[in-house]
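S.K.:
Numbering (the UniProt record's numbering), first residue to last: 1 to 333.
Spelled out as structure tokens, the structure:
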């Protein structure tokens with residue numbers, strides 16, 4: 001299926017020019033308009049009707065696409081967007097993607113059909129090219145937790161690699177030499193970045209990668225339990241682990257307790273995200289804070305500013321992970 005990028009390439013114009021032609025903008029020259037129209041005919045390009053409708057219709061609804069509303073991380077994201085919407089007398093509609101491209105596409109298109117004027121989209125399965133097409137056509141769309149090349153000013157993200165680097169380095173500074181990593185089995189960039197941060201910290205401190213010290217499972221309590229069981233099955237001298245998120249860390253802690261391995265006196269663990277559960281585990285979980293509430297607030301304000309001139313565009317902010325010290329890490333003897 002042809003895309004707006006294909007039309008632009010064939011017509012030898014920019015994607016923005018194609019978009020202006022599709023929306024019958026008067027600023028396009030006759031030559032460019034004819035070139036685009038010929039390319040559309042040649043490629044049998046079918047514009048996204050939802051996006052075109054949104055380009056000329058403004059409503060008081062903000063659309064939010066998340067992976068799973070039952071996950072505390074996404075619940076916080078939605079709540080932050082809702083607070084911004086309420087401040088501007090708007091409402092929100094929610095779409096769920098479940099880490100599947102078809103579901104994410106369906107969620108975005110459904111929200112567009114409902115004439116949402118703005119979209120805050122958390123998409124991990126759709127390709128950069130498809131998201132670029134949406135961004136070209138949907139003026140008020142912002143991507144969160146991902147960066148699309150060429151659209152950096154409409155993407156809100158965090159340096160995941162830095163987060164696990166900080167976590168691993170903390171364990172190293174506490175004397176741990178046999179450090180494992182529990183990762184997500186979802187094929188998403190977050191996992192690649194977090195695993196990379198762990199490996200980079202080991203490399204920077206000249207630590208060898210321990211065989212069978214990296215394992216992957218579902219990014220939830222059950223996945224953390226199974227991942228910790230696998231690590232203990234393969235290794236007898238591990239003293240610490242960096243977990244992909246707090247849920248996996250919680251599952252890992254339960255397995256350690258069941259095996260009479262006390263945290264942190266016998267084993268240290270660091271999570272990621274700083275979800276509410278981190279404060280209520282025993283011991284309270286040391287973790288990397290992912291400021292999703294601040295990021296979602298920024299993303300919602302940015303989306304609104306793109307379609308409503310009276311709303312000031314927020315200044316560009318670099319969001320960074322920070323270490324939250326609690327009681328699940330202890331120096332090794």
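Each residue gets a CB set at the ideal place from its N, CA and C atoms; glycine is no exception.
Bear in mind the structure is a predicted one, so any value in this text is a computation, not a measurement.
For residue 176, which three-state DSSP category applies?
M.R.: Coil, per DSSP.
S.K.: Hey, how far is the Cα of residue 18 from the Cα of residue 9?
M.R.: Cα to Cα, residue 18 sits roughly 10 Å from residue 9.
S.K.: Can you name the start and end residues of the alpha helix (DSSP H) that residue 19 belongs to?
M.R.: 15-22 is the span of the alpha helix (DSSP H), which, as asked, contains residue 19.
S.K.: Any idea if residue 189 is buried or exposed, counting beta-carbon neighbours within 10 angstroms, 16 or more meaning buried?
M.R.: The residue is exposed, with fewer than 16 neighbouring Cβ atoms inside 10 Å.
S.K.: Does the region 279-297 come close enough to the region 316-327 to have 3 or more Cβ pairs within less than 8 Å?
M.R.: Touching, yes.
S.K.: What's the gap between the Cα of residue 251 and the Cα of residue 76?
M.R.: Going from the Cα of residue 251 to the Cα of residue 76 covers about 21 Å.
S.K.: Please go through the same chain and pick out, in chain order, the residues whose beta-carbon is closer than 6 Å to the beta-carbon of residue 228, but skip the five residues on each side of it.
M.R.: Taken in chain order, the residues that qualify are 252 and 255.
S.K.: Under the three-state reduction of DSSP, which class applies to residue 181: helix, strand or coil?
M.R.: The answer is strand: DSSP assigns residue 181 an E or B state.
S.K.: I'd like the list of long-range same chain contacts for residue 314, defined as Cβ closer than 8 Å, with 5 residues on each side in sequence excluded.
M.R.: Taken in chain order, the residues that qualify are 298, 301, 302 and 305.
S.K.: For residue 273, which of helix, strand or coil comes out of DSSP?
M.R.: The answer is strand: DSSP assigns residue 273 an E or B state.
S.K.: Pairs of beta-carbons, one from the region 78-91 and one from the region 102-110, closer than 8 Å: are there three or more?
M.R.: These segments do not touch.
S.K.: Report, in whole angstroms, the separation of the C-beta atoms of residue 121 and residue 65, which I expect to be a contact under 8 Å.
M.R.: 4 Å between Cβ atoms; contact.
S.K.: Beta-carbon within less than 8 Å of residue 45's beta-carbon, same chain only, minus the 5 sequence neighbours each way: which residues are those?
M.R.: Only 2, 3, 4, 6, 7 and 39 meet the Cβ criterion.
S.K.: Can you say whether residue 158 is buried or exposed, counting buried as having 16 or more other CB atoms within 10 angstroms of its CB?
M.R.: Buried: at least 16 other Cβ atoms inside 10 Å.
S.K.: Would you tell me roughly how many angstroms separate the C-alpha atoms of residue 56 and residue 310, rounded to the nearest one?
M.R.: Low confidence applies to residue 56: its pLDDT is 49, below 50, so where it sits in the model is not reliable enough to give any reading.
S.K.: Decide if residue 42 is buried, meaning its Cβ has at least 16 other Cβ atoms within 10 Å, or exposed.
M.R.: By the 10 Å Cβ count, residue 42 comes out exposed.
S.K.: Between residue 215 and residue 199, how many whole angstroms is the CB-CB distance? I'm expecting something under 8 Å.
M.R.: With a Cβ gap of about 14 Å, residue 215 and residue 199 do not count as contacting.
S.K.: May I have the straight-line CA-CA distance separating residue 54 from residue 161, to the nearest angstrom?
M.R.: The predicted position of residue 54 is uncertain, since its pLDDT is 49 and thus under 50; no value can be drawn from it.
S.K.: Would you kindly report the start and end of the unbroken beta strand (DSSP E) that includes residue 92?
M.R.: Its beta strand (DSSP E) spans residues 91-96.
S.K.: Give the straight-line distance between the Cα atoms of residue 236 and residue 224, rounded to the nearest whole angstrom.
M.R.: Computed Cα separation, rounded: 18 Å.
S.K.: Residue 191 and residue 244 - do their beta-carbons sit closer together than 9 Å?
M.R.: Yes, they are a contact pair.
S.K.: Taking just the CA atoms, how far does residue 96 sit from residue 103?
M.R.: Distance between the alpha carbons of residue 103 and residue 96 is about 7 Å.
S.K.: With H, G and I counted as helix, E and B as strand and the rest as coil, what does DSSP make of residue 54?
M.R.: Confidence is the limiting factor: at residue 54 the pLDDT is only 49, short of 50, which leaves the residue's position unreliable, though a coordinate-based value still follows. Residue 54 falls in the helix class under three-state DSSP.
S.K.: Residue 14: buried (16+ other C-beta within 10 angstroms of its C-beta) or exposed?
M.R.: Its Cβ having fewer than 16 others within 10 Å, residue 14 is exposed.
S.K.: What residue from 248, 283 and 282 has the CA that sits closest to residue 271's CA?
M.R.: Ranking 248, 283 and 282 by Cα distance to residue 271 puts 248 first.
S.K.: Comparing alpha-carbon positions, which option in 127, 132 and 73 lies nearest residue 296?
M.R.: Cα-wise, what sits closest to residue 296 is 73.
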